[in-house]
Amino acid sequence: MQIGQRIQQAVNVLTDWADSLQQVENQMVLKEHQGRGVAWFLPTLLALLFSLQNPLLYGMAPAFDASLFATMGKMWADGLVLYQDMVDIKGPVIFLFDAVGYLIGGFQGIWLFETLLLILGLNALCRTLALWGVSPLNRLLGITAWMLLYAWRYYYGNMTEDYTFSLSLIAQLYFTRLILNERFSWRHALIPALTFGFIALMRTNNAAMWCGYYLVIFLAWAIQHRWRDALLLALSGFAGLLIVVVPLVGYFSLHGVLGSFWFYSFGIFFSNSYGNSDNGHSLMVGLMGLVRTGTLLFLPIFIALVWQQYKRQYFQPVGWVILLASQIAGILFGILANSVSGHTFEHYEILFFSFAILMLPIVLQLAREGAVNEQIGSRNLLFSGIVTLLVWCGYILAQHILFTWSRYESPIPKMIHELGICLFASLLLAITLLGGWYIFRAKSIVIPAMLTVVILVSGIVLTPLIHGLLKGRPFDDSSAQMVDYIKTNSGYDDLIWVDGVIPQYYVWTDRRPASAYLFFDNVTPPFDVRARMKADLEKNKPKFIIVKLTRMEKVYSGKDRDSTPSFKAYYDYIQQAYEPVSAELPRLYRIKD
Numbered sequence: 006m007q008i009g010q011r012i013q014q015a016v017n018v019l020t021d022w023a024d025s026l027q028q029v030e031n032q033m034v035l036k037e038h039q040g041r042g043v044a045w046f047l048p049t050l051l052a053l054l055f056s057l058q059n060p061l062l063y064g065m066a067p068a069f070d071a072s073l074f075a076t077m078g079k080m081w082a083d084g085l086v087l088y089q090d091m092v093d094i095k096g097p098v099i100f101l102f103d104a105v106g107y108l109i110g111g112f113q114g115i116w117l118f119e120t121l122l123l124i125l126g127l128n129a130l131c132r133t134l135a136l137w138g139v140s141p142l143n144r145l146l147g148i149t150a151w152m153l154l155y156a157w158r159y160y161y162g163n164m165t166e167d168y169t170f171s172l173s174l175i176a177q178l179y180f181t182r183l184i185l186n187e188r189f190s191w192r193h194a195l196i197p198a199l200t201f202g203f204i205a206l207m208r209t210n211n212a213a214m215w216c217g218y219y220l221v222i223f224l225a226w227a228i229q230h231r232w233r234d235a236l237l238l239a240l241s242g243f244a245g246l247l248i249v250v251v252p253l254v255g256y257f258s259l260h261g262v263l264g265s266f267w268f269y270s271f272g273i274f275f276s277n278s279y280g281n282s283d284n285g286h287s288l289m290v291g292l293m294g295l296v297r298t299g300t301l302l303f304l305p306i307f308i309a310l311v312w313q314q315y316k317r318q319y320f321q322p323v324g325w326v327i328l329l330a331s332q333i334a335g336i337l338f339g340i341l342a343n344s345v346s347g348h349t350f351e352h353y354e355i356l357f358f359s360f361a362i363l364m365l366p367i368v369l370q371l372a373r374e375g376a377v378n379e380q381i382g383s384r385n386l387l388f389s390g391i392v393t394l395l396v397w398c399g400y401i402l403a404q405h406i407l408f409t410w411s412r413y414e415s416p417i418p419k420m421i422h423e424l425g426i427c428l429f430a431s432l433l434l435a436i437t438l439l440g441g442w443y444i445f446r447a448k449s450i451v452i453p454a455m456l457t458v459v460i461l462v463s464g465i466v467l468t469p470l471i472h473g474l475l476k477g478r479p480f481d482d483s484s485a486q487m488v489d490y491i492k493t494n495s496g497y498d499d500l501i502w503v504d505g506v507i508p509q510y511y512v513w514t515d516r517r518p519a520s521a522y523l524f525f526d527n528v529t530p531p532f533d534v535r536a537r538m539k540a541d542l543e544k545n546k547p548k549f550i551i552v553k554l555t556r557m558e559k560v561y562s563g564k565d566r567d568s569t570p571s572f573k574a575y576y577d578y579i580q581q582a583y584e585p586v587s588a589e590l591p592r593l594y595r596i597k598d
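In terms of this note's numbering, the sequence shown is residues 6 to 598.
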């Protein structure tokens, strides 16, 4: 009896919350029309909550690549020359952003810089959705749901994909204004152009969304015989590239590393030096990343919405068609971009997030009202929206419940098999829930909807906080002791070297590396990396070296595939010039007196 009463009380509370949310939404609409700043508050709060999981906030080290970028940004901020004193196979803008962040406030300044971009991005997304007629509550719920997935599954912090996500949301607002305007405007074209320039010089593959928008808008205006607007749009894109490229080219020319800039930013990707994996270069590789996000599940109902808008000549029908075409084009470019690497690393999937996070709130609006901007009263769209959300939620959860989520490479056949099972399971779940709803003649979906809101809000608060407090710490007690020993027995300007691909130590210790070649185990450039590393160590004489003993033993025994003469000479030098600091820390070597 008491359990039944408690359930009824919970139902009453959730129902009251639903009524309160509706009142809140009405107030939000009113304040938006009045131009109040409250519209900025919730997206900003969401961005701050999400950023709680960035390890840099806590003085800890993010993932491998992210720690490398932070270290190189620090070195650039300290006055060293990119592509000379520190090298990685990325465009310079990721290191430029991190250098700016480090100048603001050290590694935590990088966190602040990234967080500010995310705040701008989420606020821009809310304004973009408002232009397409999506209500404030649907915007926030849709964005919160996707950001929870992002926090739960993908986020490392300080990755090229993270910056791409934020900049893409900022750019989409101004692309939307270009779509809905009657003519080209430099005021609206400048921001997409600048962000395009930044992304193209950060990691060219990540510019898929910009390519989709530019191509579709250009073609749409050309079809409408708006040639002047189309040509100005193309000119604005080139102008954005030049604004970013020219100062960087001038900097690299001044320091005599222009050739290295070209090779490490672009040239190496056109050779056999990078991108070789078991999966190879294949469109299926890029498609797997898209399929795992569930973005494709939104496309059918999104297409149906656009078709109905166009057919009935409702709110901005041509604009909706251009929006749909740009999303599809961007997704196709994203598949192609991810296919080039040959890798199925899960963080590459973020390339599709700017499309999904735009479509999810629109689908949510359809599921709540059957219409966008209250222009269409369609029970079919309402029902389709509900089904789509159920299938998507089940599909995402099934990937974690039925199979262990992996951040590492998986064979394509294995991924197809698992995703097929997940889709089948999600369809069964949706059919079961809808069948139960029909059998029991439920008049409202308020209760499950409100439970979902509670879960989303709780998740976006707890998940980032838990991740932030757990991620990025030294791997074990031995790692922590080495970090403490280095920090205690060296100064800021002392150099260290970490054998292998573990750049986190440079962040943990806040010390600079003694060689420019920090992260080359998965790259085979047309020069001997180990010989260059050895030359750098002989020249710079780092105070400490963290040695990967297991690999050193394999190299000496000839069991390692990289047991080359230069690799052996590299370890010979370490053995000759350095010694372990103690028996308790056998991997930490110090320079001999």
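Just so it is clear, CB atoms sit at the ideal spot from N, CA and C, and this is done for glycine as well.
Asked                                                                                                        : Found
Distance between L153 and V251 (C-alpha atoms, nearest Å)                                                    : 38 Å
Helix, strand or coil at I175 according to DSSP, with G and I counted as helix                               : helix
Contact between the segment 100–116 and the segment 132–152 (3+ Cβ pairs under 8 Å)                          : no
Contact set for S344: own chain, Cβ-Cβ below 7 Å, skip 5 residues either direction                           : H286, S287, L288, V290, G291
Sequence-distant residues of the same chain with beta carbon closer than 6 Å to F170, five excluded per side : I355, F358
Nearest-angstrom Cα separation, counted from I222 out to Q229                                                : 11 Å
Local Cβ density within 10 Å of R535, reported as buried at 16 or more and exposed below that                : buried
DSSP three-state assignment for F320, whether helix, strand or coil                                          : coil
Selection from R208, K419, Y400, G245 that minimises the alpha carbon distance to V301                       : In the sequence under discussion, the amino acid at residue 301 is Leu, which differs from the Val named in the question. Of the candidates R208, K419, Y400, G245, the one whose C-alpha sits nearest the C-alpha of L301 is Y400.
Opening and closing residue of the beta strand (DSSP E) in which F350 lies                                   : Neither: F350 is in no beta strand (DSSP E) and is coded neither H nor E.
Beta-carbon proximity list for V466, same chain, < 7 Å, skipping 5 on both sides                             : L54
Uninterrupted alpha helix (DSSP H) stretches inside the segment 518–553 (no shorter than 4 residues)         : 534–545
Option in L172, P97, G96 with minimal Cα separation from N128                                                : L172
Range covered by the beta strand (DSSP E) that runs through Y594                                             : 593–596
For W502: DSSP bridge partner residues                                                                       : I550
For E584, three-class secondary structure by DSSP                                                            : strand
Buried or exposed by the 16-neighbour rule on C-beta atoms within 10 Å, applied to Q314                      : buried
Where L590 sits in the DSSP three-state scheme                                                               : coil
Under 8 Å between C-beta atoms of W191 and S241                                                              : yes
Inter-residue spacing [alpha-carbon to alpha-carbon] between R121 and K539                                   : Note on residue identity: the sequence assigns Leu, not Arg, to residue 121. Taking the straight line joining both Cα atoms gives about 40 Å.
Three-state class that DSSP yields for L302 in the structure shown                                           : helix
Which of helix, strand or coil DSSP assigns to Y578                                                          : helix
Where M207 sits in the DSSP three-state scheme                                                               : coil
Proximity of R556 and G505 at Cβ, strictly below 8 Å                                                         : yes
Classification of W215 by the beta-carbon crowding that lies within 10 angstroms, buried from 16 upward      : buried
Closest Cα partner of A435 within the set G390, G335, A235                                                   : G390
Cα-Cα separation between L599 and I124, rounded to whole angstroms                                           : The chain is shown from 6 up to 598; residue 599 falls before or after that span and cannot be answered.
For G162, the first and last residue of its enclosing alpha helix (DSSP H)                                   : It is not in any alpha helix (DSSP H) - G162 carries neither H nor E in the DSSP assignment.
Three-state secondary structure assigned by DSSP to G280                                                     : Its pLDDT being 49, under 50, G280 is placed unreliably in this model, and the coordinates cannot settle the point.
Nearest neighbour of W45, chosen from Y490, G126, L432 [CA to CA]                                            : G126
Check whether L433 and L394 have beta carbons under 8 Å apart                                                : no
Residue range of the unbroken alpha helix (DSSP H) whose run includes V251                                   : 232–259
V262 in three-state terms, based on DSSP                                                                     : coil
Buried or exposed (CB count within 10 angstroms, at least 16 for buried), G280                               : Because G280 carries a pLDDT of 49, less than 50, the predicted location of this residue cannot be relied on, and the following value inherits that uncertainty. So G280 ends up on the buried side.
Reference A225; option with closest CA among V249, E187, I204, Y256                                          : E187
Start-to-end residues for the alpha helix (DSSP H) that takes in V392                                        : 384–406
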